[in-house]
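When you line the sequence shown up against numbering that gives the first Met the number 0, it's residues 0 to 524, in that order. Built from N, CA and C at the ideal position, the CB exists for glycine as well. Bear in mind the structure is a predicted one, so any value in this text is a computation, not a measurement. To start, the structure under review is shown below, and the notes come after it.
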Amino acid sequence: MFRSVLMGALCALGLAMSAHALTLEQARALSIGDVDSRVSALQQALKLPDEKTVAFLQALADDAVKVDGARVAVMRAGKAFDPVTNVELSLSDSAEDVINNNRMRGEIDDALSALQLLSPDVEQRLNAAKNLLKEPDASKLVMLQKALAQEDDARVKDVMQLARAAMLLNSDHWSDRLNSAKVLAQNKSPDTELLLNQRLSVEEDLQVRAQIKDSVRTIQAALRWGERLGALFTGISLASVLLLIALGLAITYGLMGVINMAHGELMMVGAYATYSVQALFKHHWPQAFDAYLLVAVPASFLAAALVGAVLERLVLRHLYGRPLETLLATSGISLVLMQGVRSLYGAQNVGVENPSWMSGGWQLMVNLSLPYNRLVIIAFALCVLMGMTLLIGKTRLGLFVRGVTQNRPMASALGVNTARIDTYAFSLGCGIAGLAGCALSQIGNVGPDLGQNYIVDAFMVVVLGGVGQLAGTVYAALGLGLMNKLLEGVAGAVLAKIAVLVFIIVFIQKRPQGLFAMKGRSAEA
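Written out as structure tokens, the structure is:
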């Protein structure tokens with residue numbers, strides 16, 4: 000396919016075979032001799048390429064060329080053919096394969112890549128121009144100028160002009176170097192910055208040196224903005240994950256007062272439920288694999304909620320109002336859940352694949368790409384937050400949950416089944432933890448220790464935001480996520496974590512009720 004595309008492009012250019020066709024002398028020069036002479040012959044052949052040159056270079060790349068004395072043959076389907084006339088040849092027993100060392104193989108691959116500049120496919124031309132910009136080679140300047148003269152796509156033409164400037168940056172003429180430095184300032188990438196700095200180290204002309212320095216400063220300023228925006232996005236992404244984890248904990252701990260040390264393991268249950276749904280789709284409905292998350296989201300919620308309901312009914316119901324016993328019991332439950340997962344799925348981490356529509360990213364700047372899976376998780380966290388807010392504030396179940404948590408005896412006196420509401424509320428918090436596990440499975444591996452990495456951060460978010468306050472949970476998650484990532488860029492991951500912990504300790508000492516205190520009279524007042 001590659002050869003046919005290039006042949007079509009060269010024919011479209013009107014390169015007459017009779018005028019510029021591959022000759023036997025060229026074929027021998029490309030196949031016989033030392034590497035330097037072969038590379039020189041390759042550079043000469045690229046100045047006036049035709050379809051036979053392309054086919055012969057492809058044969059060299061495929062190790063399908065033999066030399067028999069002064070004759071050169073291309074091997075196809077076990078038969079030998081003349082590379083110029085395409086006539087079948089009869090080779091002697093002394094015919095030898097053409098051997099390409101790493102340098103020659105790299106030169107051939109670069110030449111074939113550069114020939115894509117003449118392809119009728121826009122994306123192939125764009126990729127070829129980008130490759131030349133990244134690794135400029137002055138020997139391909141003639142071909143690039145020929146492609147540039149006929150290019151009609153503005154996007155490809157811009158990249159070709161940048162590649163041409165990169166090639167001319169080492170020109171013998173100071174004016175070419177000066178213009179190249181000006182043009183390259185438009186390409187704000189680390190590769191271009193490196194290229195300009197390399198030239199600056201050997202440049203002697205003062206005017207050219209001044210222009211190179213100015214271009215480097217322009218590129219560095221743009222790259223710094225990309226780094227800042229990247230840190231900001233990473234902080235928001237971490238905040239969305241913390242928010243998903245802490246929302247469930249805000250119910251079980253904030254509203255119900257249960258110190259649930261197994262909250263991380265309920266996230267793990269949701270993550271493994273996602274993995275199981277993925278495996279089910281792979282085995283039974285591979286053609287619908289991209290839709291598996293539509294099933295995995297409710298499955299992860301139900302799996303974690305079901306485990307939470309069982310825990311509440313069997314264990315936690317008997318421990319309300321006894322926080323120390325609750326802490327010890329849920330710590331033991333977390334160990335049981337981890338061992339149960341190890342027995343079912345094994346101790347090794349398992350991978351959960353992203354659907355195709357979550358793969359890749361949105362290239363905002365040269366050094367800033369926003370992954371689609373992170374963007375989806377941010378949107379998912381906002382949807383869960385909105386659903387939680389509506390459920391707690393606008394539904395009958397939410398009214399009962401708020402009534403029971405604020406004044407259990409009065410709610411019971413008004414006919415509310417408080418035991419059932421406790422189960423519903425705890426299951427809801429656990430189900431949201433399962434949703435957090437489903438989201439985490441899309442950005443990392445799933446393993447038995449998944450929840451242990453986030454449980455402390457989740458408790459810090461809830462305590463910092465204010466116990467029982469969903470709004471405080473949102474602000475605390477956003478603040479901790481941004482603080483973590485911004486400090487990491489300055490002090491490193493470990494020191495950033497320590498600084499955040501110290502900040503929370505000092506903050507709680509000054510404001511024990513968190514960012515948002517409970518309003519109104521409580522049952523204990």
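TODO: For the segment 64-74 and the segment 136-154, state whether three or more C-beta atom pairs, one from each stretch, are separated by less than 8 Å.
DONE: Verdict: no, contact absent.
- [ ] Using three-state DSSP, classify Met103 as helix, strand or coil.
- [x] Numbered from its first residue, the sequence shown carries residue 103 at position 104. Note: Met103 maps to helix in three-state DSSP.
- [ ] State the DSSP-derived secondary structure class of Trp361, mapped to helix, strand or coil.
- [x] Position 362 of the sequence shown, counting from 1, holds the residue named residue 361. Strand at Trp361.
Task: Contact under 8 Å by Cβ, Ala110 with Leu167 - done: On the sequence shown, position 111 is the one that residue 110 refers to. On the sequence shown, position 168 is the one that residue 167 refers to. No.
TODO: Apply the 10 Å Cβ neighbour rule to Ala475 and answer buried if 16 or more other Cβ atoms are within range, or exposed otherwise.
DONE: Within the sequence shown, the letter at position 476 stands for residue 475. So Ala475 counts as buried.
Task: Whole-angstrom C-beta distance between Arg316 and Asp421, which should lie under 8 Å - done: Locating residue 421 in the sequence shown gives position 422, counting from the first residue. Locating residue 316 in the sequence shown gives position 317, counting from the first residue. Contact flag correct, Cβ pair sits at about 7 Å.
TODO: Could you pull the start and end residues of the alpha helix (DSSP H) that Ser368 belongs to?
DONE: For the purposes of this step, residue 368 is taken as the residue at position 369 of the sequence shown. Per DSSP, Ser368 lies in no alpha helix (DSSP H); the unbroken beta strand (DSSP E) holding it starts and ends at Leu367 to Pro370.
Task: Three-pair Cβ contact test at 8 Å for the segment 284-293 versus the segment 477-488 - done: Pairwise C-beta distances place the segment 284-293 out of contact with the segment 477-488, as fewer than three of them are shorter than 8 Å.
- [ ] Look at the Cβ atom of Asn444, then the Cβ atom of Gly350, and state whether they are nearer than 8 Å.
- [x] Looking up residue 444 in the sequence shown gives position 445. Looking up residue 350 in the sequence shown gives position 351. It is a contact, given that the beta carbons lie within the stated cut-off.
Open item on the list: With three or more beta-carbon pairs closer than 8 Å as the criterion, would you say the segment 242-262 touches the segment 444-461?
Closed with: In the pairwise beta carbon analysis, the segment 242-262 is classified as touching the segment 444-461: at least three pairs are separated by under 8 Å.
Task: Arg2 - DSSP class collapsed to helix/strand/coil - done: For the purposes of this step, residue 2 is taken as residue 3 along the sequence shown, with counting starting at 1. The pLDDT assigned to Arg2 is 49, lower than 50, so where the model puts this residue is not dependable, and the model offers no usable value.
Task: Spatial distance of Pro297 from Ile376 (CA atoms) - done: The residue given as residue 297 occupies position 298 in the sequence shown. The residue given as residue 376 occupies position 377 in the sequence shown. Straight-line Cα distance between these residues: approximately 15 Å.
- [ ] Tell me whether the beta-carbon of Pro119 lies closer than 8 Å to the beta-carbon of Asn366.
- [x] Taking the first residue of the sequence shown as 1, we reach residue 119 at position 120. Taking the first residue of the sequence shown as 1, we reach residue 366 at position 367. Against a cut-off of 8 Å, the Cβ pair of Asn366 and Pro119 comes out as no contact.
Open item on the list: Please report the distance separating the alpha-carbon of Met159 from that of Ala165.
Closed with: As a first step, residue 159 must be located in the sequence shown, where it is residue number 160. As a first step, residue 165 must be located in the sequence shown, where it is residue number 166. If I take the Cα positions, the gap works out to 10 Å.
Task: Gly519 burial status per 10 Å Cβ neighbour count (16 or more: buried) - done: Indexing the sequence shown from 1 puts residue 519 at position 520. Residue placement at Gly519 cannot be trusted, given a pLDDT of 47 that sits under 50; the coordinates are not used to answer.
Task: Neighbourhood of Ala11 by C-beta distance below 6 Å, restricted to the same chain and skipping five residues each side - done: For this step, residue 11 is matched to residue 12 along the sequence shown. Unreliable placement is indicated for Ala11, whose pLDDT of 44 sits below 50; the coordinate value is still reported in the next sentence. Cβ within range, chain order: n/a, list empty.
- [ ] Consult DSSP for Thr388 and reduce its assignment to one of helix, strand or coil.
- [x] If you number the sequence shown from 1, residue 388 lands on position 389. Of the three classes helix, strand and coil, the one that applies to Thr388 here is helix, per DSSP.
Open item on the list: Let's test the definition: count the other Cβ atoms within 10 Å of the Cβ of Asp49 and tell me whether it reaches 16, buried, or not, exposed.
Closed with: Numbered from 1 along the sequence shown, position 50 holds the residue referred to as residue 49. Burial call: buried.
Open item on the list: Rounded to the nearest angstrom, what separates Leu116 and Ser89 at their Cα positions?
Closed with: Residue numbering aside, residue 116 sits at position 117 when the sequence shown is read from its first letter. Residue numbering aside, residue 89 sits at position 90 when the sequence shown is read from its first letter. If you take the alpha carbons of Leu116 and Ser89, they lie about 36 Å apart.
Task: Residue burial classification, Lys393 (beta-carbon count within 10 angstroms, cutoff 16) - done: Numbered from 1 along the sequence shown, position 394 holds the residue referred to as residue 393. Classified as exposed, Lys393 has fewer than 16 neighbouring CB atoms from the shown chains inside 10 Å of its CB.
TODO: Tell me where the alpha helix (DSSP H) around Phe80 begins and ends.
DONE: In the sequence shown, the residue the question calls residue 80 occupies position 81. Here Phe80 belongs to no alpha helix (DSSP H); instead the beta strand (DSSP E) covers Lys78 to Phe80.
TODO: Measure the C-alpha to C-alpha separation of Ile442 and Ala290 and round it to an integer number of angstroms.
DONE: Start at 1 with the first residue of the sequence shown, and residue 442 comes out as number 443. Start at 1 with the first residue of the sequence shown, and residue 290 comes out as number 291. Spanning the two alpha carbons is a distance of roughly 17 Å.
Open item on the list: Report the CB separation of Ile391 from Val400 in whole angstroms; it is logged as a contact under 8 Å.
Closed with: As a first step, residue 391 must be located in the sequence shown, where it is residue number 392. As a first step, residue 400 must be located in the sequence shown, where it is residue number 401. Confirmed, Cβ separation roughly 7 Å.
Open item on the list: If I follow the unbroken alpha helix (DSSP H) through Lys212, where does it start and stop?
Closed with: If you number the sequence shown from 1, residue 212 lands on position 213. Counting along the chain, the alpha helix (DSSP H) containing Lys212 begins and ends at Leu205 to Leu248.
Open item on the list: Which of the three DSSP states is assigned to Ile507 in this structure?
Closed with: As a first step, residue 507 is located in the sequence shown; it is residue number 508 there, counting from the start. Here Ile507 sits in helix by DSSP.
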